[in-house]
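Student:
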Amino acid sequence: MATAVASRSPAGKAVLAAGGLFVAGGGAYYLSHIGTVKQLEKEQDVLATKSFVAKGRFKRAESDILESESLIKALQQQTDLDKRAITAISQELAAAQLKVQQLEAQQQQKEKDVQRMRADVVKAQQQRDQAHSDVQRFRQEAALAEKARAALDEQVAAARRQLNPLNHPLVRDLLKR
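Quick note on our numbering: the sequence shown kicks off at 7 and runs consecutively.
1. Kindly give me the distance between the Cβ atoms of P171 and V177, rounded to whole angstroms, as I take these residues to be in contact under 8 Å.
2. Is H138 helix, strand or coil by DSSP?
3. Quick check: what's the CA-CA separation for A111 versus D135?
4. Starting from P175, follow the alpha helix (DSSP H) in both directions and report where the run begins and ends.
5. Can you give the Cα-Cα distance for E152 and E160, rounded to whole angstroms?
6. Apart from the five residues on each side of it in sequence, which residues of its chain come closer than 8 Å, Cβ to Cβ, to R167?
Here it is in structure tokens:
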């Protein structure tokens, strides 16, 4: 009712007009700013989503960093182990190469020994063959010496027989007659 009374008086009309203007101005102000507020709220939602996604990515990146650091540490430890293994293998290889060199030197010495022994065998075979030749020659010489000695024995026996004058051939011829 008061609204109806105020609308009838000039002052009431002025208040109503002022109130209407205020409400209309407030409504216009509200309407002009509600779009901005909604736009800002929309941007706020977008930024909240981006922030959430960025925080998720950030946490994932931190997790990836921790995993990478763990992997790097494990790989460095494995690298250190592999380096030690390489060093040990290199030492074993050097020892094996030294052993191979020693064995090759022994092999070369044995090959020289075998060659020298083969030469000694050839020389011994030549000496054996020469000894066989010498044995044959000495047998022949011994046989000839035996024949010569047998002939000489006959001559000695004949000469001894002639020491006795009765055994002289002329005397014998005479005695036979």
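Just so you know, even glycine gets a beta-carbon here, dropped at the ideal spot from N, CA and C.
Tutor: Considering the structure as presented:
1. 6 Å
2. helix
3. 36 Å
4. 175-182
5. 12 Å
6. N173
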